[in-house]
Amino acid sequence: MLEVEIRPALPDDLNLIRKSWMRSYRNAEAMEWVDAATYDKRMPERIAHILSHPNTRTFMASPPGDTITAFGFIVAGPTCLHYVWTKDGWRRNGIARRLAEHAFPQGIATVSHVTRMGHEIWQAKTPTTLYDPFGASQ
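Under the working numbering, read the sequence shown as residues 439 to 576, first letter to last.
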């Protein structure tokens, strides 16, 4: 099994979080009807709002002791999973699961941003979790 350390995100990690979230969420089913100009203007505002909220916790998955390399990240409110992302090439190694277990030891109540892959995992693993696209403060 891949050795992974889950650590709080550092200020230097925020650019990766913002860019990866922007790039990967663009293809989410919820964004299919949003034109590119609107997405490019509004999504950074949405991400910034969530990241700056006092209830938001952000964690990175990386090799033990390495603050440069990132396997993935999770952005979490107290009960709401905002976004989890795993870098291509590291998927299917349980990284997202480990991030979620670390951020939500009591379980996830709501999800605010869902991709097709995320929806499949969510429905298989935590079918009682609710989708709440307005959950920025949860």
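Glycine included, each C-beta is placed from N, C-alpha and C at the ideal position.
Quick caveat, the model's predicted, so the values are computed rather than measured.
Min CB distance D473 to chain B below 8 Å: Here there is only one protein chain, and chain B is not present.
Cutoff 7 Å; reference W459; Cβ partners in own chain excluding five residues on either side: The residue labelled residue 459 in the question sits at position 21 within the sequence shown. Closer than 7 Å at Cβ, skipping near neighbours: I485, Y521 and W523.
Chain-order list of residues whose beta-carbon lies under 6 Å from that of I455 (same chain, five-residue window excluded): As a working note, residue 455 is residue 17 in the sequence shown. Same-chain partners within the cutoff: F511.
Residue environment, L519, which counts as buried when at least 16 other CB atoms sit within 10 Å: As a working note, residue 519 is residue 81 in the sequence shown. Counting Cβ neighbours within 10 Å, L519 comes out buried, since at least 16 surround it.
Where the alpha helix (DSSP H) through W459 begins and ends: Sequence index remark: in the sequence shown, residue 459 carries index 21 (1-based). Where W459 is concerned, the enclosing alpha helix (DSSP H) stretches over L452 to Y463.
Residues near M578 in its chain [Cβ-Cβ closer than 7 Å; skip 5 each side]: Residue 578 falls outside the range modelled here, since the chain spans only 439 to 576, and no answer is possible.
Cβ-based neighbour list, N531, same chain, cut-off 7 Å, excluding 5 preceding and 5 following: Position 93 of the sequence shown holds residue 531. Correct list, in chain order: L440.
Residues bridged to A499 [DSSP beta-bridge criterion]: As a working note, residue 499 is residue 61 in the sequence shown. According to DSSP, which records beta bridges pairwise, A499 is partnered with I444 and G510.
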